[in-house]
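Worksheet for the structure shown next.
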Amino acid sequence: MALEDAKTQVDTAFTRKGLRGYAFENAFGGATSFLRRTYTKDLTGVDLAVTGVPFDQAVTHRTGTRFGPRAIREASSLQPYDPPHGWGTDPLAELSVIDYGDLAFDYAKTADFPDRLTDHIRTILAAGAGSVTLGGDHYITYPILKAYAEKFGPMSVIHFDAHSDLWEDDDLSRIDHGTMMYKAVKTGLVDPKRSVQIGIRTFCEDYLGMNVIDARECHEIGVARIVEKVKAIVGDNPVYLTFDIDALDPAFAPGTGTPVWGGLASWQAAAILRDLAGINIVGGDVVEVSPPYDTTGATAIAGAHVAYEIICLYHWAKTRR
Ligand SMILES: [Mn+2]
């Protein structure tokens, strides 16, 4: 394609030919699918489906993450239309990655929401694809993990967060973003001994056997040692990676419901994610981006980068392991 043509493309989410490759488009216009991938509900031949879950009815304090998927998609339109830096791989050329759009749900039937979400992810997995979900508050990871555990058995989870989300809560009908990992462990979706929480810096009474690298340890031991520990914990087990954006320090990600100081710098998170290449990742999410509190847009940009890194990790797992 001539440069002239390349510079005048618009709405490549609908007009691109095929599901692979990179295409330039003005960041300020056009349909903002994630990374301008094709917007489609057709999962035929798809390797990885990016999907949004605009849900924030499980938050303890401040709402707003229902606007997260839209903000992350828009932020992703600023990312370069070239292979990602530092990987030496070309994930969007070698994998068919689509934007599967958002989960449809009745905002007034909250009790129906978890099963709808599990079905949504089940559909993606049944088609042989993986999912990268844009949240939404962190509750959504529990219904998603149900679908993953059905296919893969008890999962290893790599869980970036300021909070453990392990508060005791034996009422499965409660929809709470602070107890979803408790439920995921207690119901056997997650194997805690082969899972790890990174960036924790709030009180937790009982980690239920989860491995923890808290924020202070992250700062003290450095990226290489963190990655070494995480890889030893998860081994070859199928891994689901969930990234609560509040794992980042509020200096880097202010737009979130429950910010806590002393967190990861964005460079630390970027380096850890990059160096985790080789893990057997089968899916992931980035959650808790809350645009009403994101006065600079930095949080959505961080969210878009995390989601892109998850795609890179998935591509590595599919083509390099
Ligand atoms: Mn969380």
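With my numbering as the guide, the letters of the sequence shown map in order to residues -6 to 314. All residues carry an ideal CB built from backbone N, CA and C; glycine is no exception. Every value quoted in this text rests on a predicted model; they were computed, and no experiment measured them.
{"Check": "Distance between D4 and F17 (C-alpha atoms, nearest Å)", "Outcome": "10 Å"}
{"Check": "Run of the alpha helix (DSSP H) containing F7, from where it starts to where it stops", "Outcome": "T5 to T8"}
{"Check": "Exposure of S124, with buried meaning 16 or more beta-carbon neighbours within 10 Å", "Outcome": "buried"}
{"Check": "Reference G128, options A120, I137 and A122, closest by Cα", "Outcome": "I137"}
{"Check": "Residue from Y141, Y132, R267 and A6 whose Cα sits closest to the Cα of G121", "Outcome": "Y141"}
{"Check": "Rounded Cβ spacing between A300 and L257 (contact assumed at less than 8 Å)", "Outcome": "Going by Cβ atoms, the distance from A300 to L257 rounds to 16 Å, so no, they are not a contact pair."}
{"Check": "Near ligand 1: E281 beta-carbon under 8 Å from a heavy atom", "Outcome": "yes"}
{"Check": "Where H152 falls: helix, strand or coil (DSSP)", "Outcome": "strand"}
{"Check": "Unbroken alpha helix (DSSP H) run spanning F145, endpoints", "Outcome": "T134 to F145"}
{"Check": "C-beta contact flag for S157 and I193 at 9 Å", "Outcome": "yes"}
{"Check": "Which of helix, strand or coil DSSP assigns to D108", "Outcome": "helix"}
{"Check": "Cβ-Cβ distance between T31 and P47 below 9 Å", "Outcome": "no"}
{"Check": "8 Å Cβ shell around R328 - same chain, five flanking residues per side excluded", "Outcome": "Nothing can be reported for residue 328: it is not among the residues displayed for the chain, which extend from -6 to 314."}
{"Check": "First through last residue of the beta strand (DSSP E) which encompasses I274", "Outcome": "I274 to V280"}
{"Check": "Buried/exposed call for S26, threshold 16 Cβ in 10 Å", "Outcome": "buried"}
{"Check": "In chain order, each alpha helix (DSSP H) run of at least 4 residues that lies wholly inside the segment 252 to 307", "Outcome": "259 to 268"}
{"Check": "Spatial distance of E67 from T180 (CA atoms)", "Outcome": "36 Å"}
{"Check": "For Y227, the three-state DSSP class (helix, strand or coil)", "Outcome": "In the sequence as displayed, the identity of residue 227 is Val instead of Tyr. Helix."}
{"Check": "Ligand 1 heavy atom lying under 8 Å from the CB of H156", "Outcome": "yes"}
{"Check": "Residue range of the unbroken alpha helix (DSSP H) whose run includes L28", "Outcome": "Neither: L28 is in no alpha helix (DSSP H) and is coded neither H nor E."}
{"Check": "Reduced DSSP category for V220 - H, G, I as helix; E, B as strand; rest coil", "Outcome": "helix"}
{"Check": "Residue burial classification, W254 (beta-carbon count within 10 angstroms, cutoff 16)", "Outcome": "exposed"}
{"Check": "Local Cβ density within 10 Å of Y100, reported as buried at 16 or more and exposed below that", "Outcome": "exposed"}
{"Check": "Delimiting residues of the beta strand (DSSP E) encompassing L234", "Outcome": "V232 to D237"}
{"Check": "From E221, N230 and H212, residue whose alpha carbon lies closest to that of A240", "Outcome": "H212"}
{"Check": "Exposure label - G296; buried when at least 16 CB within 10 Å", "Outcome": "buried"}
{"Check": "Supposed close pair S89, D40 - CB separation, criterion 8 Å", "Outcome": "5 Å"}
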